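Numbering (my numbering), first residue to last: 292 to 393. Beta carbons are placed, not taken as given, at the ideal position from N, Cα and C, and that holds for glycine. Keep in mind that this is a model prediction, so the values were computed, not measured.
Below, the structure is given as structure tokens:
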């Protein structure tokens, strides 16, 4: 999966901002049923505590820096994850349970 040039760019750019983060690809690209219109669904889990405003900022920053790649990014902290795992329907839960760490 890491032969995908876009994934390599995505990982490199995000790791430059958050060297210690986990990056999870989820959705159709991770399942292998993507088509030419599919985007990259990315969950970034960071170790440091970030405010909601900071998470929004980094989400927008990443998407702007990678504007040539169809991309949806979610930035969460490690402290956010337990509450998402308890929810019945959560995109974050789906990403963690069914996604692929890149």
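Classification of residue i by the beta-carbon crowding that lies within 10 angstroms, buried from 16 upward
i           : result
residue 298 : buried
residue 379 : exposed
residue 383 : buried
residue 351 : exposed
residue 367 : buried
residue 331 : buried
residue 392 : exposed
residue 323 : exposed
For residue i, the nearest candidate out of the options (CA to CA)
i           : options               : result
residue 365 : 325, 327, 324 and 312 : 312
residue 309 : 337, 324 and 294      : 337
residue 303 : 347, 335 and 387      : 335
residue 390 : 343, 348, 347 and 319 : 319
residue 305 : 381, 362, 386 and 388 : 362
Helix, strand or coil at residue i [DSSP, three-state]
i           : result
residue 320 : helix
residue 379 : coil
residue 393 : coil
residue 298 : helix
Would the region 370 to 384 and the region 349 to 361 be scored as touching if the rule is three or more Cβ pairs under 8 angstroms? no
Unbroken alpha helix (DSSP H) runs of length 4 or more, entirely within the region 339 to 373: which are they? 343 to 356
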